[in-house]
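Residue numbers (mature numbering (1 follows the signal peptide of the UniProt record, and there is no 0)): -22 to -1, 1 to 141.
This report refers to the structure that appears directly beneath it.
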Amino acid sequence: MQRFNLATLLVVLTTFTVSVFSNDTLANQSKPDLKGFAQLYFDRMTATQMPNADSAALESYLSLLTDDVGHSHLPWVKDDSRLPSGKADMRKGMTFYLGAHDKYEAELLDVFTFNDSAVAIRYKNYAKGIHPQNNQPIEYSQVMMEVLELEDGKVAVIRKYHE
């Protein structure tokens, strides 16, 4: 009888241990990898600025955004309201500038995470090219911060700031 109790106890302890570790693993897997998402966002966003950027690069970037994404880019775009046409508006605006740079470089400097709902990226970029609207040469280098508010694993609001 004592062997049966010891064997039963070992089975119960083994089952309990596996259950606890499995639950911990599942809990860790359900947390979003915000730093990984930030890197993915940065890679796809910067791909849209490259000299060879095309609609495929743009759509890859836009796939990370909600359809009603809000966007501000101070001081030019101040209203970050979420509208049903948010992603379509970004597609239209970004398509106009695709391929405008002859040279583009970017370096991710910092990633900051906030709970499971926001991430901020700070990066430095350099661009040189011809402005598509006025055909004038452009060249700039700047440090940017983008605060990304997330909803259901996608970017719902983008706020861009210059250093």
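Note that the Cβ used here is the ideal one computed from N, Cα and C, for glycine as well.
All values derive from a computational prediction rather than experimental measurement.
query = What's the gap between the Cα of Val89 and the Cα of Gly77?
reply = In a straight line, the C-alpha of Val89 is about 27 angstroms away from that of Gly77.
ask   = Helix, strand or coil: which one does DSSP assign to Lys13?
value = In this structure, Lys13 counts as helix in the three-state DSSP scheme.
query = Helix, strand or coil: which one does DSSP assign to Thr24?
reply = In the structure shown, Thr24 sits in a helix (DSSP, three-state: H, G or I).
Opening and closing residue of the beta strand (DSSP E) in which Lys65 lies = Lys65 -> not in any beta strand (DSSP E); alpha helix (DSSP H) instead, spanning Gly64 to Tyr75.
task = Compare the C-alpha of Met68 against each of Ser33, Asn93 and Val97 and name the closest.
result = With distances taken between Cα atoms, Met68 lies closest to Ser33.
message = Taking 6 angstroms as the limit between beta carbons, can you name the residues of its chain near Met23, skipping five residues before and five after?
response = If we look at Met23 and ignore the five residues flanking it on each side, its Cβ neighbours are Tyr39.
task = May I ask you to verify whether the segment 91 to 98 touches the segment 119 to 130, counting CB pairs closer than 8 angstroms and requiring at least 3?
result = Look at the beta carbons and you see the segment 91 to 98 touching the segment 119 to 130: at least three pairs across the two are nearer than 8 angstroms.
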